[in-house]
Amino acid sequence: MKEGQRRIYLLDELRGFAIICMVIHHTFYDIGFVLHYDIGYRIFNFLCIFQPLFWAIFIITSGICSRLSRNTVRRGAIVFAAGLAVTLVTAAIMPAIGITGAEIYFGVLSCLGLSMIITGAFMPLINKLGKKGSIAGMAVSAALFLASYSISEGMLLFGLIELPARLYTSNAFAFLGFHNGSFYSADYFPLIPWLFLFLFGAFLGKWAKDGALPGGFYKSRVPFLQKVGKNSLWVYLLHQPALYAIMYLISFIQLLFV
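Numbering-wise, this note's numbering comes out as the position in the sequence shown, counting from 1, plus 132.
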(Lines of atoms letter the chains of each structure in order from A and count residues from 1; the text may use other names and numbers.)
(Lines give C-alpha, C1' and ligand atoms only; values in the text may rest on other atoms or scores of the structure.)
Protein backbone atom coordinates (compact mmCIF):
# COMPACT_ATOMS: atom_id res chain seq x y z
CA MET A 1 0.00 0.00 0.00
CA LYS A 2 1.29 3.45 -0.91
CA GLU A 3 2.09 6.04 1.75
CA GLY A 4 -0.74 8.39 2.68
CA GLN A 5 -3.49 5.92 1.79
CA ARG A 6 -5.93 4.71 4.39
CA ARG A 7 -5.96 0.97 4.84
CA ILE A 8 -9.08 -0.56 3.35
CA TYR A 9 -9.81 -3.13 6.03
CA LEU A 10 -12.82 -4.60 4.25
CA LEU A 11 -10.59 -5.72 1.37
CA ASP A 12 -8.32 -7.55 3.81
CA GLU A 13 -11.33 -9.12 5.52
CA LEU A 14 -12.90 -10.25 2.26
CA ARG A 15 -9.61 -11.76 1.12
CA GLY A 16 -9.21 -13.41 4.53
CA PHE A 17 -12.71 -14.86 4.26
CA ALA A 18 -11.94 -16.25 0.80
CA ILE A 19 -8.67 -17.82 1.97
CA ILE A 20 -10.36 -19.47 4.96
CA CYS A 21 -13.04 -20.87 2.63
CA MET A 22 -10.26 -22.33 0.46
CA VAL A 23 -8.55 -23.85 3.50
CA ILE A 24 -11.81 -25.44 4.70
CA HIS A 25 -12.49 -26.77 1.19
CA HIS A 26 -9.01 -28.28 0.92
CA THR A 27 -9.31 -29.77 4.41
CA PHE A 28 -12.23 -31.94 3.37
CA TYR A 29 -10.36 -33.05 0.23
CA ASP A 30 -7.38 -34.04 2.37
CA ILE A 31 -9.67 -35.98 4.72
CA GLY A 32 -10.71 -38.04 1.72
CA PHE A 33 -7.27 -38.17 0.05
CA VAL A 34 -5.09 -38.94 3.08
CA LEU A 35 -7.47 -40.53 5.58
CA HIS A 36 -9.61 -42.27 2.92
CA TYR A 37 -12.90 -41.13 4.46
CA ASP A 38 -15.59 -40.87 1.76
CA ILE A 39 -17.37 -38.15 3.73
CA GLY A 40 -14.39 -35.89 3.05
CA TYR A 41 -14.86 -36.23 -0.71
CA ARG A 42 -18.64 -35.86 -0.40
CA ILE A 43 -18.39 -32.58 1.52
CA PHE A 44 -15.61 -31.38 -0.79
CA ASN A 45 -17.78 -32.03 -3.86
CA PHE A 46 -20.75 -30.26 -2.25
CA LEU A 47 -18.62 -27.20 -1.46
CA CYS A 48 -17.49 -27.10 -5.11
CA ILE A 49 -20.87 -25.45 -5.76
CA PHE A 50 -19.67 -22.41 -3.81
CA GLN A 51 -16.04 -22.58 -4.92
CA PRO A 52 -16.31 -20.03 -7.78
CA LEU A 53 -17.69 -17.50 -5.28
CA PHE A 54 -14.68 -17.46 -2.98
CA TRP A 55 -12.35 -17.72 -5.95
CA ALA A 56 -14.00 -14.60 -7.39
CA ILE A 57 -13.78 -12.71 -4.10
CA PHE A 58 -10.09 -13.51 -3.76
CA ILE A 59 -9.16 -12.59 -7.34
CA ILE A 60 -11.25 -9.40 -7.52
CA THR A 61 -9.87 -8.10 -4.22
CA SER A 62 -6.36 -8.93 -5.44
CA GLY A 63 -7.07 -6.94 -8.60
CA ILE A 64 -8.29 -3.97 -6.55
CA CYS A 65 -5.16 -4.14 -4.39
CA SER A 66 -2.97 -4.05 -7.50
CA ARG A 67 -3.95 -0.38 -7.82
CA LEU A 68 -2.64 0.25 -4.30
CA SER A 69 0.71 -1.50 -4.72
CA ARG A 70 3.96 0.45 -5.03
CA ASN A 71 5.22 -1.99 -7.67
CA THR A 72 2.64 -4.41 -9.06
CA VAL A 73 5.10 -6.08 -11.46
CA ARG A 74 7.61 -6.80 -8.69
CA ARG A 75 4.92 -8.17 -6.39
CA GLY A 76 3.58 -10.26 -9.27
CA ALA A 77 7.03 -11.75 -9.85
CA ILE A 78 7.22 -12.74 -6.16
CA VAL A 79 3.77 -14.35 -6.24
CA PHE A 80 4.54 -16.14 -9.52
CA ALA A 81 7.78 -17.48 -8.03
CA ALA A 82 5.77 -18.76 -5.06
CA GLY A 83 3.47 -20.52 -7.54
CA LEU A 84 6.47 -22.16 -9.21
CA ALA A 85 7.67 -23.31 -5.78
CA VAL A 86 4.27 -24.93 -5.18
CA THR A 87 4.57 -26.75 -8.53
CA LEU A 88 8.09 -27.93 -7.68
CA VAL A 89 7.00 -29.30 -4.30
CA THR A 90 3.79 -30.97 -5.49
CA ALA A 91 5.01 -32.28 -8.86
CA ALA A 92 8.58 -33.30 -7.98
CA ILE A 93 9.32 -33.51 -4.26
CA MET A 94 6.03 -35.02 -3.02
CA PRO A 95 5.94 -37.82 -5.67
CA ALA A 96 9.55 -38.63 -4.75
CA ILE A 97 8.42 -39.46 -1.20
CA GLY A 98 5.38 -41.41 -2.36
CA ILE A 99 2.65 -38.72 -2.33
CA THR A 100 0.99 -38.56 -5.75
CA GLY A 101 -2.25 -37.13 -7.10
CA ALA A 102 -1.69 -33.68 -5.58
CA GLU A 103 0.34 -32.13 -8.40
CA ILE A 104 -0.39 -28.45 -9.03
CA TYR A 105 0.32 -26.88 -12.42
CA PHE A 106 -0.61 -23.23 -12.82
CA GLY A 107 -2.54 -22.90 -9.58
CA VAL A 108 -3.99 -19.74 -8.11
CA LEU A 109 -0.60 -18.23 -7.17
CA SER A 110 0.82 -18.71 -10.67
CA CYS A 111 -2.32 -17.18 -12.17
CA LEU A 112 -2.34 -14.23 -9.77
CA GLY A 113 1.37 -13.60 -10.24
CA LEU A 114 1.16 -13.52 -14.03
CA SER A 115 -2.03 -11.41 -13.86
CA MET A 116 -0.19 -8.90 -11.66
CA ILE A 117 2.75 -8.75 -14.05
CA ILE A 118 0.51 -8.21 -17.09
CA THR A 119 -1.71 -5.68 -15.31
CA GLY A 120 1.31 -3.90 -13.83
CA ALA A 121 2.84 -3.51 -17.28
CA PHE A 122 -0.28 -1.62 -18.38
CA MET A 123 -0.81 0.21 -15.08
CA PRO A 124 0.39 3.60 -16.41
CA LEU A 125 -2.42 3.44 -18.99
CA ILE A 126 -4.98 2.11 -16.50
CA ASN A 127 -4.14 4.92 -14.06
CA LYS A 128 -4.97 7.51 -16.73
CA LEU A 129 -8.57 6.32 -17.03
CA GLY A 130 -11.29 8.41 -15.45
CA LYS A 131 -14.51 7.09 -13.96
CA LYS A 132 -16.19 6.44 -17.31
CA GLY A 133 -13.12 4.68 -18.69
CA SER A 134 -12.86 2.54 -15.55
CA ILE A 135 -16.53 1.59 -15.73
CA ALA A 136 -16.08 0.66 -19.40
CA GLY A 137 -13.03 -1.42 -18.46
CA MET A 138 -15.05 -3.22 -15.79
CA ALA A 139 -17.85 -3.94 -18.26
CA VAL A 140 -15.49 -5.30 -20.94
CA SER A 141 -13.57 -7.39 -18.39
CA ALA A 142 -16.77 -8.87 -16.96
CA ALA A 143 -18.06 -9.68 -20.46
CA LEU A 144 -14.78 -11.36 -21.45
CA PHE A 145 -14.71 -13.34 -18.20
CA LEU A 146 -18.23 -14.66 -18.70
CA ALA A 147 -17.69 -15.35 -22.41
CA SER A 148 -14.51 -17.36 -21.78
CA TYR A 149 -15.45 -19.04 -18.48
CA SER A 150 -15.83 -22.47 -20.11
CA ILE A 151 -12.76 -22.22 -22.34
CA SER A 152 -11.08 -25.17 -20.57
CA GLU A 153 -14.02 -27.28 -21.71
CA GLY A 154 -13.57 -26.22 -25.34
CA MET A 155 -16.39 -23.69 -25.39
CA LEU A 156 -17.18 -19.99 -25.33
CA LEU A 157 -20.37 -18.32 -24.12
CA PHE A 158 -21.21 -21.35 -21.95
CA GLY A 159 -21.42 -23.73 -24.89
CA LEU A 160 -22.92 -21.50 -27.56
CA ILE A 161 -19.61 -21.54 -29.45
CA GLU A 162 -17.47 -24.68 -29.71
CA LEU A 163 -13.76 -24.06 -30.19
CA PRO A 164 -11.65 -26.07 -32.68
CA ALA A 165 -10.45 -29.40 -31.27
CA ARG A 166 -6.92 -28.72 -32.54
CA LEU A 167 -6.50 -26.13 -29.78
CA TYR A 168 -6.71 -28.93 -27.23
CA THR A 169 -4.28 -31.51 -28.66
CA SER A 170 -1.40 -30.72 -26.27
CA ASN A 171 -0.78 -29.26 -22.84
CA ALA A 172 1.74 -26.64 -23.96
CA PHE A 173 -0.81 -23.88 -23.48
CA ALA A 174 -2.54 -25.26 -20.39
CA PHE A 175 -1.63 -22.02 -18.60
CA LEU A 176 -4.02 -20.26 -20.99
CA GLY A 177 -6.80 -22.83 -20.59
CA PHE A 178 -6.05 -25.09 -23.57
CA HIS A 179 -5.17 -28.68 -22.62
CA ASN A 180 -5.94 -32.26 -23.61
CA GLY A 181 -7.52 -35.05 -21.59
CA SER A 182 -4.23 -36.12 -20.00
CA PHE A 183 -3.82 -32.85 -18.11
CA TYR A 184 -4.38 -32.87 -14.36
CA SER A 185 -3.83 -30.23 -11.72
CA ALA A 186 -5.14 -30.33 -8.15
CA ASP A 187 -5.46 -26.53 -8.24
CA TYR A 188 -5.95 -25.02 -11.69
CA PHE A 189 -6.47 -21.37 -12.58
CA PRO A 190 -5.79 -20.80 -16.29
CA LEU A 191 -5.03 -17.24 -17.30
CA ILE A 192 -8.21 -17.29 -19.39
CA PRO A 193 -10.73 -16.47 -17.93
CA TRP A 194 -9.26 -15.44 -14.54
CA LEU A 195 -7.07 -12.61 -15.88
CA PHE A 196 -10.26 -10.83 -16.92
CA LEU A 197 -11.66 -11.06 -13.39
CA PHE A 198 -8.39 -9.68 -12.02
CA LEU A 199 -8.61 -6.81 -14.52
CA PHE A 200 -12.20 -6.19 -13.39
CA GLY A 201 -10.81 -5.69 -9.90
CA ALA A 202 -8.00 -3.47 -11.19
CA PHE A 203 -10.47 -1.15 -12.93
CA LEU A 204 -12.69 -1.16 -9.84
CA GLY A 205 -9.59 -0.26 -7.86
CA LYS A 206 -9.75 3.32 -9.18
CA TRP A 207 -12.21 4.14 -6.40
CA ALA A 208 -9.93 2.49 -3.83
CA LYS A 209 -6.90 4.40 -5.16
CA ASP A 210 -8.81 7.69 -5.02
CA GLY A 211 -10.02 7.00 -1.46
CA ALA A 212 -13.58 7.23 -2.73
CA LEU A 213 -15.01 4.02 -1.27
CA PRO A 214 -17.85 4.18 1.30
CA GLY A 215 -16.70 4.85 4.86
CA GLY A 216 -17.47 1.32 6.00
CA PHE A 217 -14.64 -0.04 3.85
CA TYR A 218 -12.07 1.66 6.09
CA LYS A 219 -13.33 0.18 9.38
CA SER A 220 -12.04 -3.07 10.84
CA ARG A 221 -14.90 -5.34 11.90
CA VAL A 222 -13.30 -8.79 12.09
CA PRO A 223 -9.61 -8.40 13.04
CA PHE A 224 -8.92 -12.12 12.59
CA LEU A 225 -10.09 -12.07 8.96
CA GLN A 226 -8.18 -8.85 8.39
CA LYS A 227 -4.97 -10.44 9.66
CA VAL A 228 -5.47 -13.56 7.52
CA GLY A 229 -6.17 -11.43 4.45
CA LYS A 230 -3.13 -9.25 5.05
CA ASN A 231 -0.95 -12.38 5.15
CA SER A 232 -2.85 -14.34 2.49
CA LEU A 233 0.27 -15.41 0.55
CA TRP A 234 1.84 -17.07 3.59
CA VAL A 235 -1.46 -18.62 4.68
CA TYR A 236 -1.93 -20.13 1.23
CA LEU A 237 1.65 -21.40 1.02
CA LEU A 238 1.64 -22.99 4.47
CA HIS A 239 -1.88 -24.34 4.81
CA GLN A 240 -1.43 -27.46 2.68
CA PRO A 241 1.85 -28.58 4.33
CA ALA A 242 0.16 -28.03 7.70
CA LEU A 243 -2.93 -29.98 6.63
CA TYR A 244 -0.85 -32.86 5.26
CA ALA A 245 1.19 -32.99 8.46
CA ILE A 246 -1.97 -33.13 10.58
CA MET A 247 -3.68 -35.72 8.38
CA TYR A 248 -0.64 -38.01 8.22
CA LEU A 249 -0.19 -37.70 11.99
CA ILE A 250 -3.82 -38.74 12.48
CA SER A 251 -3.31 -41.61 10.03
CA PHE A 252 -0.21 -42.74 11.94
CA ILE A 253 -2.03 -42.60 15.27
CA GLN A 254 -4.89 -44.63 13.79
CA LEU A 255 -2.45 -47.34 12.69
CA LEU A 256 -1.17 -47.64 16.25
CA PHE A 257 -4.63 -48.66 17.43
CA VAL A 258 -5.52 -51.04 14.59
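Glycine is no exception: its CB is placed at the ideal position from the N, C-alpha and C atoms.
Beta-carbon proximity of residue i to residue j, cut-off 8 Å
| i | j | result |
| --- | --- | --- |
| V211 | L323 | no |
| L257 | G208 | no |
| G233 | F165 | yes |
| A334 | T251 | yes |
| L179 | F349 | no |
| F321 | F277 | no |
| F310 | L327 | no |
| F330 | S194 | yes |
| F186 | M154 | yes |
| R138 | G347 | no |
Residue closest to residue i, alpha-carbon to alpha-carbon, out of the options
| i | options | result |
| --- | --- | --- |
| G291 | R298, T301, S280 and Y300 | S280 |
| I378 | R138, V221 and T159 | T159 |
| N259 | M226, S201 and L278 | S201 |
| F149 | A188, I171 and S273 | A188 |
| I152 | Y376, G361 and S352 | G361 |
| V354 | G269, L146 and R138 | L146 |
| Y368 | A214, F176 and F182 | A214 |
| I156 | E285, L375, L388 and F384 | L375 |
| I385 | L167, I140, R139 and D144 | L167 |
| L244 | Y316, P325 and E285 | P325 |
| I140 | L216, L357 and Y173 | L357 |
| S282 | P184, Y173, G172 and L381 | P184 |
| S284 | F315, G269 and M270 | F315 |
| L289 | A274, A297 and H371 | A274 |
| I192 | A228, A217, D144 and R206 | D144 |
| A223 | N303, L388 and S317 | S317 |
| L370 | L345, V272 and V221 | V221 |
| N363 | F190, I231, I181 and N303 | F190 |
Beta-carbon contacts of residue i that lie in its chain and below 7 Å, excluding the five residues immediately before and after
| i | result |
| --- | --- |
| D319 | I236, G239 and V240 |
| Y169 | I163 |
| T204 | S198, M248, T251, G252 and M255 |
| S383 | V166 and L167 |
| Y380 | V166 |
| I293 | M287 |
| L308 | P322, L323 and I324 |
| M226 | A234 |
Counterpart residues of residue i in DSSP-defined beta bridges
| i | result |
| --- | --- |
| E294 | M287 |
Nonlocal neighbours in the same chain, by C-beta distance under 6 Å from residue i, ignoring five residues either side
| i | result |
| --- | --- |
| G337 | I196 and R199 |
| Y173 | G164 |
| A306 | F315 |
Contacts around residue i, its chain only, beta-carbon distance under 8 Å, and the 5 residues preceding and following it disregarded
| i | result |
| --- | --- |
| T301 | N312 |
| M270 | F332, F335 and L336 |
| L394 | The chain is shown only over 133 to 390; residue 394 falls outside these bounds and no answer can be derived. |
| A297 | G286 |
| K263 | K338 |
Pick out the complete alpha helix (DSSP H) segments inside the stretch 266 to 349, 4 residues or longer, and give them in chain order. Here the runs fully enclosed are 323 to 341.
Report the start-end ranges of each alpha helix (DSSP H) in the stretch 186 to 268 that is 4 residues or longer and not cut off at the edges. 204 to 220, 240 to 253 and 255 to 259
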